[in-house]
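Here the protein sequences come in this chain order: A and B. Number 271 marks the last residue of the first sequence (my numbering); no jumps. Number 384 marks the last residue of the second sequence (my numbering); no jumps. One structure below.
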Amino acid sequence: MSMDRREFIKIAGLSAIFGLGGKGTYELLKPGQLEASEQGHGHSPEQEQGHGTAEKPAVRWAMAIDVRRFRDQDLVNRCLAACREVHNVPVFDNPKDEIKWLWTDKYEHAFPDSANEYMDDELREVPFLLLCNHCDKPPCVRVCPTKATFKRPDGIVAMDYHRCIGCRFCMAACPYGSRSFNWRDPRDGLKGRTLNPEFPTRMRGVVEKCNFCVERLAQGLKPACVEVGDGAMIFGNLSDPESDVRQILRKRTSLRRKPELGTKPSVFYLV
Amino acid sequence: MLEKALKGSPRYWGWITFLLAVIGVGFACYLYQLSYGLGVTGMGRDISWGVYIAQFTYFVGVAASAVMLVIPKYLHHYTRYKDLVVFGELLAIAAVVMCLLFIIVDIGQPQRMLNVLLHPTPNSILFWDMIVLNGYLAINAIVAWNTLLAEKKGVPLAGWVKPFIYLSIPWAVSIHTVTAFLYAGVPGRHLWLTAVMAPRFLASAFAAGPSLLIMLLILLSRLTRFRPDPKALQSLAKTVCYAMIINVFLLGMEFFTAFYSNIPAHMHSLEYLFWGLHGYNALVPFMWTSVPFAILGIVIVLVPGLRKNTGLLALGCGSIFFSTWIDKGIGLVIGGFIPNPFETITEYHATFPEISIAVAIWAIGALILTILYRIALSVRGIVA
């Protein structure tokens, strides 16, 4: 078979176009499915499990929060402080600059569509701990133009701070307000604090959020907030029917934020 | 041909110097933004896109509008547009460059911009927006340049350029559709989650872009010996009229769906924009400025007697340009973030550095357009 140079270039060019178009169409119509299968190579060297299919991961991390236990303000403060310290989360006075990984808000703000004026006063006033929901179908991952935010096979939605270009499309897409942008040098908000040398500080111009303490899970530890949470936060493997988190979800009534959006959060609120 | 931009009257050079001064101030502000971070802007955790992305969105529309001349000229052989098409294409070039600059100044780590190409992500609409915008820039550059080159040499347009002209038609629609998808595809932002987003973007674009072009052509006829065919301007004004009425109609659809269904989340952003919500009403004066200008503009371009008066035509087009700029360049983007995902309200106030940077990008657009229009007029022997 003979092929001159011109013909070769023509075919090579066409296959490149169709290759791109084919993948693009697939990704647009079935978002997440390709990216899940691609994650086996490339993204997260620290991943140890989850080489199975996207449908049945061996590990699917999830958290259940026993809401009423957080009447205890000391417990709330301990959890928030643990998160801040372990991840060197900066603190800024101006709300515009705030970086939030784990924070609290009232029921009516956490569940804006479900609040009603006749509800139980305790539930209305108790602080709800809010964090990244590590959704099964994360809109932030779908919109990221560089795969700087990606879903690991164990369900954790992770961030690559060195790849993020700071376009903030993920912040527009997240329906839970769980993402923060470094509007200024985050080290300005860490002054006078003892830093955790095990976890990097970030730079200005990138987005960050709760990472479910992925670096601690890799060492066999629980997330920092869960560890100090005195049993009020239950963390475990959703794929294991006997795990603590599955058992408590069977027993207690639980809520997920904005279920109508189909994002399938893996943070559950026990009420 | 570029050398033709180097000759000009003191007035021409005065204008260029003025634009360069404005660009200089914006550039200094940009250096400040680079060193401190995007915290120098009014954006924050709740309003995470502001002036930059809003202006980007608006100028994608201006860029797309060249197609309103290309279709009549090349598909319907409407010869009155023969002399005008190239001005539309050159306007598209300037507008797309502005769009790209608005993106660059908005991102937090601009030196990593090429990550979008290094790690192509087809599931991200931003990836496709990058492709369609750069493609549209290339198409218009090829077509406009070769059109002018052919005129200069007094030969017919080269045959290989034709496919690019036809390609520019769906491509123009694509740039604004894809840009609408940036907004219409995200869950939980009720103002944006609407199927008429892309149609409305196209309608407002085809009103705003040709409005700007009509104003520019009238300006050129005042400044130079260039005389655009008045009947061609009238045809373009009719395009503006149809497009603006469709735009307002589609806005009405948004109001009907939100308020008749009575679903609070769907009403909140519109309530905030037009009446204020929970005591917050920073954008109310803007939105109610937009409304009378839309009406005034429509009346002028709709009534033949008014439209045929050149001064009134310029006023009508200016009103429509201004009205759609408020609606899309302020209300749409900011309104989408209010209320935030917790149904609370943080308002947005642009800062001086942010506005200076945006104005500088406008000045860059004006500079590019001045140079390109000067080349076009020189080629036609209208200016020396």
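Beta carbons: idealized from backbone N, C-alpha and C, even for Gly. Please read these numbers as outputs of a predicted model, since none were measured by experiment.
- Burial check for residue 352 of chain B: the Cβ neighbour count within 10 Å stays below 16, so the residue is exposed.
- The alpha helix (DSSP H) runs lying completely inside the region 188 to 246 of chain B and spanning 4 residues or more are 197 to 223, given in chain order.
- DSSP lists A:61 as the beta-bridge partner residues of residue 237 of chain A.
- Annotation note: the region 141 to 185 of chain A contains the following uninterrupted beta strand (DSSP E) runs of length 3 or greater, listed N- to C-terminal: 149 to 151 and 157 to 159.
- Comparing alpha carbon positions, the residue from A:259, A:100, A:190 and A:240 closest to residue 250 of chain A is A:240.
- In this model, residue 116 of chain A and residue 123 of chain A are separated by some 11 Å (Cα to Cα).
- Taking a cut-off of 8 Å on C-beta distances, the region 21 to 41 of chain B does not touch the region 301 to 317 of chain B, as fewer than three cross pairs fall below it.
- Judged by DSSP in its simplified three-state form, residue 97 of chain A adopts helix.
- Using a Cβ distance threshold of 9 Å, residue 319 of chain B and residue 283 of chain B do not count as a contacting pair.
- Residues of the region 187 to 208 of chain A that bring their beta carbon within less than 7 Å of a beta carbon in chain B comprise 204, 205 and 206, in sequence order.
- Those residues of the region 233 to 255 of chain A placed with their C-beta closer than 9 Å to a C-beta in chain B do not exist.
- The beta carbon of residue 76 of chain A is closer than 8 Å to those of 70, 104, 127 and 129 in its chain, skipping five residues each way along the sequence.
- In the structure shown, residue 271 of chain B adopts helical secondary structure according to DSSP, grouped into three states.
- For the pair residue 202 of chain A and residue 179 of chain A, the Cα-to-Cα distance works out to about 14 Å.
- Taking 8 Å as the upper bound for CB-CB distance, residue 62 of chain B and residue 205 of chain B are in contact here, some 7 Å apart.
- Residue 119 of chain A is classed as exposed because its beta carbon has fewer than 16 other beta carbons within 10 Å across all chains shown.
- Within 9 Å of the CB of residue 265 of chain B, the CB atoms of chain A belong to 112 and 113, in sequence order along the chain.
- For residue 342 of chain B, the secondary structure class from DSSP, reduced to helix, strand or coil, is coil.
- Every alpha helix (DSSP H) stretch that sits fully inside the region 110 to 142 of chain A and reaches 4 residues is listed by chain position as 121 to 125.
- Under the 10 Å beta carbon count, residue 148 of chain B is surrounded by 16 or more other beta carbons and is classified as buried.
- In the three-state scheme derived from DSSP, where H, G and I count as helix and E and B as strand, residue 104 of chain A is classed as strand.
- Here the region 167 to 174 of chain A lies against the region 134 to 142 of chain A, with 3 or more beta-carbon pairs under 8 Å apart.
- The C-beta of residue 45 of chain B comes closer than 9 Å to at least one C-beta of chain A.
- Distances from the alpha-carbon of residue 135 of chain B to those of B:43, B:73 and B:100 put B:100 closest.
- Taking 7 Å as the Cβ-Cβ cut-off, the region 60 to 83 of chain A has no residue approaching chain B.
- The straight-line gap separating the alpha-carbon atoms of residue 164 of chain A and residue 112 of chain B is approximately 8 Å.
- Distance between residue 382 of chain B and residue 140 of chain B, taken at the CA atoms: about 23 Å.
- Look at the region 323 to 368 of chain B and you find these whole runs of alpha helix (DSSP H), each 4 residues long or longer: 333 to 336.
- At a C-beta separation below 9 Å, residue 189 of chain B has these neighbours in chain A: 172, 173 and 175.
- Nearest to residue 178 of chain B by alpha-carbon distance, out of B:127, B:188 and B:217, is B:127.
- In the structure shown, the three-state DSSP call for residue 271 of chain A is coil.
- Annotation note: the region 181 to 264 of chain A contains the following uninterrupted alpha helix (DSSP H) runs of length 4 or greater, listed N- to C-terminal: 214 to 217, 224 to 228 and 244 to 251.
- Contact between the region 203 to 222 of chain B and the region 315 to 331 of chain B is present, with at least three C-beta pairs closer than 8 Å.
- Taking the CA atoms as reference points, residue 155 of chain B sits about 11 Å from residue 146 of chain B.
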